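Numbering (the numbering used here), first residue to last: 5 to 228. Every residue gets a Cβ at the ideal spot worked out from N, C-alpha and C, and that includes glycine. The structure displayed is predicted, hence computed values, not measured ones.
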Ligand SMILES: Cc1cc2nc3c(=O)[nH]c(=O)nc-3n(C[C@H](O)[C@H](O)[C@H](O)COP(=O)(O)OP(=O)(O)OC[C@H]3O[C@@H](n4cnc5c(N)ncnc54)[C@H](O)[C@@H]3O)c2cc1C
């Protein structure tokens, strides 16, 4: 655990419900790492665009990747900055009124300076990080990336200048006048769950002699 904070800065001060805000680097990093995807916002051809995509974090850097012609990534690099958000859906918070009902969540908004990762060796390393961000331990199980795949892929490094987290959790908060109403109130926790793997039925897999990899076994074992 560190005492490092990533805000509040000019762009990241949470104004609504600031008691739910945190700028703690460890918390922000943990939310970024747990998130399976992010949304990146930029101005593309004069218009605001936000798109879902994958990310991988390492220290204060968040990496994005896509095709060399990816319009959003090109716009991010051209402007030199991006705004990235992730949200973890933690469940329902059902109050006795619709007004006080909400969901439990942990979210992060990060602003950073964007640059292209040009060096081939560094690109390979970062793309392995991506594979492991999707499924820890998978990078050593797949075949190495070809030079052509490397050339086709644009990798962008976003160095986090400032970031904020917002966490909504805990019991519901009904207003005093509603507490005795005969209406169910409470929380319904939620989590991401992976079902039984469905093997491919082509190539060597069709022969049925390829074992479930360690990465997938760990994934499934960890959620029991
Ligand atoms: C799943 C989900 C559902 C939500 N539903 C609603 C809704 O229906 N209505 C609603 O009004 N709000 C909702 N929110 C909260 C919303 O994200 C904003 O926090 C809020 O609307 C505006 O806060 P603000 O005025 O302080 O933000 P602004 O002043 O507009 O933002 C200032 C800065 O605060 C930080 N910030 C703001 N929101 C967040 C956040 N969620 N996480 C991390 N940093 C943040 C950012 O750095 C941002 O640049 C929801 C949040 C989540 C995660």
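- Relative to ligand 1, the nearest heavy atom lies less than 8 Å away from the CB of residue 167.
- By the C-beta density criterion, residue 61 is buried, having at least 16 other C-beta atoms within 10 angstroms.
- Pairwise C-beta distances place the stretch 10–26 in contact with the stretch 160–171, as three or more of them are shorter than 8 Å.
- According to DSSP, residue 140 shares a beta bridge with no other residue.
- With the rule of 3 Cβ pairs closer than 8 Å, the stretch 59–75 does not count as touching the stretch 15–25.
- Short note on residue 19: C-beta closer than 8 Å to some heavy atom of ligand 1.
- Take the alpha-carbon of residue 99 and the one of residue 33: they are about 30 Å apart.
- Around the CB of residue 97, 16 or more other CB atoms lie within 10 Å, so the residue is classed as buried.
- Judged by DSSP in its simplified three-state form, residue 165 adopts strand.
- Annotation note: the stretch 42–95 contains the following uninterrupted beta strand (DSSP E) runs of length 3 or greater, listed N- to C-terminal: 42–48, 51–57, 60–62 and 65–71.
- Cβ neighbours of residue 176 within its own chain (closer than 6 Å, five residues either side excluded): 97, 99 and 189.
- Put simply, the backbone Cα of residue 139 is about 12 Å away from that of residue 39.
- Exposure of residue 93 is indicated by the presence of fewer than 16 other C-beta atoms within 10 angstroms of its C-beta.
- In this structure, the alpha-carbon of residue 219 lies about 9 Å from that of residue 136.
- Residue burial annotation: residue 30 is exposed, with fewer than 16 other C-beta atoms found within 10 angstroms of its C-beta.
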